[in-house]
Amino acid sequence: MKLDTDRLSRRNALLAMAAFGLVGCGRAAGPRRLFSSDHHPADYPTVQAVNYMGGLLAERSEGRLDLKVYPGGQLGSERDTLEITVMGGLDINRVNAAPLNSLAPMTVVPCLPFLFRDERHMRMALDGAPGRQVLDSLEPHGLIGLCYYDSGSRSFYNTKRAIRTPDDMAGMKIRVQNSDLYVSMINALGADATPMYLGEVYQSLVQGVIDGAENNWPSYESGRHFEVARHYSLTRHVMAPEILVMSRRRWEQLAAADQELVRQCAAESVGHMRRLWDERVDRSRAIVTSAGVEINEVDDIRAFSDLMKPVWRRFATLPEQRTLIEEIQSMTERLA
Ligand code: GTR
Numbered sequence: 057m058k059l060d061t062d063r064l065s066r067r068n069a070l071l072a073m074a075a076f077g078l079v080g081c082g083r084a085a086g087p088r089r090l091f092s093s094d095h096h097p098a099d100y101p102t103v104q105a106v107n108y109m110g111g112l113l114a115e116r117s118e119g120r121l122d123l124k125v126y127p128g129g130q131l132g133s134e135r136d137t138l139e140i141t142v143m144g145g146l147d148i149n150r151v152n153a154a155p156l157n158s159l160a161p162m163t164v165v166p167c168l169p170f171l172f173r174d175e176r177h178m179r180m181a182l183d184g185a186p187g188r189q190v191l192d193s194l195e196p197h198g199l200i201g202l203c204y205y206d207s208g209s210r211s212f213y214n215t216k217r218a219i220r221t222p223d224d225m226a227g228m229k230i231r232v233q234n235s236d237l238y239v240s241m242i243n244a245l246g247a248d249a250t251p252m253y254l255g256e257v258y259q260s261l262v263q264g265v266i267d268g269a270e271n272n273w274p275s276y277e278s279g280r281h282f283e284v285a286r287h288y289s290l291t292r293h294v295m296a297p298e299i300l301v302m303s304r305r306r307w308e309q310l311a312a313a314d315q316e317l318v319r320q321c322a323a324e325s326v327g328h329m330r331r332l333w334d335e336r337v338d339r340s341r342a343i344v345t346s347a348g349v350e351i352n353e354v355d356d357i358r359a360f361s362d363l364m365k366p367v368w369r370r371f372a373t374l375p376e377q378r379t380l381i382e383e384i385q386s387m388t389e390r391l392a
């Protein structure tokens, strides 16, 4: 499935451009404000990290550039705002890798279930050549990949029961992000996948439209999903990272030195984000635990990962995807 750049984009892009007064602003002299979107609330590590990057940018450009983040999904879903970004209606966007899957096939790789052994492996791969290759693969699709932010690992939560084996998921309606890979992963586990925007998950859990979803500790906590879905089962099935992208159209309007500055400030925000992220994971886990959620480890992870083989085969079809997967897998040798 491709982003439908003819249907939604023109309208969305024009709306966004009008809203930000960007139409026709071209290369006008004076301070240049970059606009950025994030689904998460203002205190979430991704939003804080982009704010931090904005601070660096303003300081180092001596006021020529600054950055404003619109948090809380004010500008729309990740999918819609991505379309706007590709069209040049928005400068910067912080999204998860999953909604990029239909646009740029290399982004499928870090989203593959059970690819990374643990967080160290994930960070090593994303900080190294494999991560760079995925970011660079966005350019022909209208986006400049600036950096990754952590998103930890995703696990299942639901309103019904603890999940210990795939059989426990039989027939459950599980919300997923907008990615065919995710749909296929859930269906392979015997559940029913329902793609849905994150902002609709809480209500859908309350109304029983879905039985569960999957996410990391901070999103499970910050969206208050734990209040309704009281079983959190630590499958840690996916470690799809967050990605900070810039619109290529907007990027091309920057002088080369400013492009370099944007890259540098984004790269420097990563360490800051990781500190915030690690703290936030601990805090979210504590909030959820003290709210009395039933949390369970899953002893037989193989029972889940074995079912992912056909999913990998279906979504990693390109030779360059396969080479990248091998490269990432071989990195475990360097982990103690
Ligand atoms: C979160 C991620 C968001 C969004 C969300 C989702 O972990 O930070 O960007 O992708 O998951 O499930 O929609």
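Just so you know, the working numbering puts 193 at position 137 of the sequence shown, and the rest follows in order with no gaps. C-beta atoms are modelled at their ideal positions from N, C-alpha and C, and glycine is treated no differently.
Say the cut is 7 Å; is the CB of residue i nearer than that to a heavy atom of the ligand GTR?
i: L254; result: yes
i: E115; result: no
i: S303; result: no
i: P177; result: For the record, residue 177 in the displayed sequence is His; it is not Pro. No, since every heavy atom of the ligand GTR falls outside the 7 Å radius drawn around the Cβ of H177.
i: A154; result: yes
i: V125; result: no
i: Q259; result: no
i: E139; result: no
i: Q233; result: yes
Since residue i is in the alpha helix (DSSP H), which residue starts that stretch and which ends it?
i: D223; result: Per DSSP, D223 belongs to no alpha helix (DSSP H) and is neither H nor E.
i: E139; result: 134 to 143
i: P101; result: 101 to 116
i: N243; result: 236 to 244
i: V257; result: 257 to 263
i: R390; result: Taken as a continuous stretch (DSSP letters only), R390 belongs to no alpha helix (DSSP H), as it is neither H nor E.
i: S193; result: Per DSSP, S193 belongs to no alpha helix (DSSP H) and is neither H nor E.
If residue i and residue j are in contact, beta carbons under 8 Å, what's the gap, nearest whole angstrom?
i: R38; j: R88; result: Summary: the structure shown does not reach residue 38, with the chain confined to residues 57 through 392, and so no result is reported for it.
i: V404; j: I299; result: Not covered by the structure: residue 404. The range shown for the chain is 57 to 392.
i: L123; j: L90; result: 5 Å
i: A181; j: M387; result: 6 Å
i: R330; j: N272; result: Their Cβ separation, rounded to whole angstroms, is 14 Å, which puts R330 and N272 out of contact at 8 Å.
i: M364; j: A244; result: 7 Å
Can you look up residue i in the DSSP assignment and give me helix, strand or coil?
i: D122; result: strand
i: T373; result: coil
i: E277; result: helix
i: I91; result: In the sequence as presented, Ile is not what sits at residue 91; that position holds Phe. Of the three classes helix, strand and coil, the one that applies to F91 here is strand, per DSSP.
i: A269; result: strand
i: E308; result: coil
i: L381; result: The amino acid at residue 381 is misidentified as Leu; the sequence shows Ile. Three-state result, I381: helix.
i: L168; result: coil
Is residue i near the ligand SAH, in the sense that its beta carbon is under 7 Å from a heavy atom of that ligand?
i: S158; result: As far as ligands go, the structure on display features the ligand GTR and does not contain the ligand SAH.
In the DSSP assignment, what are the bridge partners of residue i?
i: V301; result: N149, G201
i: V294; result: R210
i: T250; result: R231
i: S289; result: F212, N352
At which residues does the beta strand (DSSP E) containing residue i begin and terminate?
i: S207; result: Per DSSP, S207 belongs to no beta strand (DSSP E) and is neither H nor E.
i: E175; result: Segment 175 to 183 is the alpha helix (DSSP H) holding E175; no beta strand (DSSP E) there.
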